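For the sequence shown, full-length UniProt numbering begins at 1 and goes up steadily by one. Here a beta-carbon is modelled for each residue, glycine too, at the ideal position from N, C-alpha and C. Computed from a predicted model, the values in this text were never measured in an experiment. Input: a single structure, listed below in structure tokens.
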Amino acid sequence: RTDDGHSVDPGSAGLLGRRGPRSKQPFMVTFFRASPNPSRIPRAAKPPRRRQPKKSNDLPHPNKLPGIFDDVHTTDGRQVCRRHELYVSFQDLGWLDWVIAPQGYSAYYCEGECAFPLDSCMNATNHAHPASVLCPHKLSATSVLYYDSNNNVILKKHRNMVVKSCGCH
């Protein structure tokens, strides 16, 4: 609807649904040069076995889908995207005069390389190249008990303080 209440046909504005004419469906063209020796993680040779469907609670991390990397390094030694330990100490920050508890907390951080959609070995041009960025995927809160400027004791839950998982976006 427009500001004055009139209806507008999305097709007349150039928007198509998935059932629109094939000649008007969007597409993307990419150009890249592949290295003669592309880096990839070799698969372990295992005998074929009958696959059993796993229940979500049988996975090592119930809310995490299995990734394409089982190891934390690629064949050329680069580290893939993952979460690392980072402890934030309120004593080291000089905050123990006003922070009552906790003494600190595990914040974690993300580090590594994103190999999707194009790995760095492919020498992709910068033109319309959708580069992946490593960043926290899920964050959680942490509670801090502290004195405010009037010496009142405050318990506050601070959002997005702990990295729960990392991802390439």
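- Pairing N160 with L139 gives a Cβ-Cβ distance under 9 Å.
- Closest in C-alpha terms to V133, from the list D4, S7, V80 and H6, comes V80.
- Remark: C-beta atoms of A107 and V88 approach each other more closely than 9 Å.
- Counting along the chain, P136 sits inside the beta strand (DSSP E) bounded by residues L134 to Y147.
- In the three-state scheme derived from DSSP, where H, G and I count as helix and E and B as strand, H84 is classed as strand.
- Annotated as proximal: K156 and Y146, with beta-carbon spacing under 9 Å.
- DSSP places E111 inside the beta strand (DSSP E), whose first and last residues are Y109 to E111.
- According to DSSP, residue pairing for G167 in a beta bridge involves C135.
- Partner residues in the beta bridge of S89, as assigned by DSSP, are G104.
- In the structure shown, N160 falls within a strand segment according to DSSP collapsed to helix, strand and coil.
- C135 sits exposed, since fewer than 16 C-beta atoms from the chains shown fall within 10 Å of its C-beta.
- With respect to T142, Y105 sits close: the two C-beta atoms are nearer than 9 Å.
- Around the C-beta of G5, fewer than 16 other C-beta atoms lie within 10 Å, and the residue is accordingly described as exposed.
- Residues of the same chain with a CB within less than 8 Å of the CB of F90, apart from the 5 flanking positions on each side, are L96, V99, P102, Q103 and G104 in chain order.
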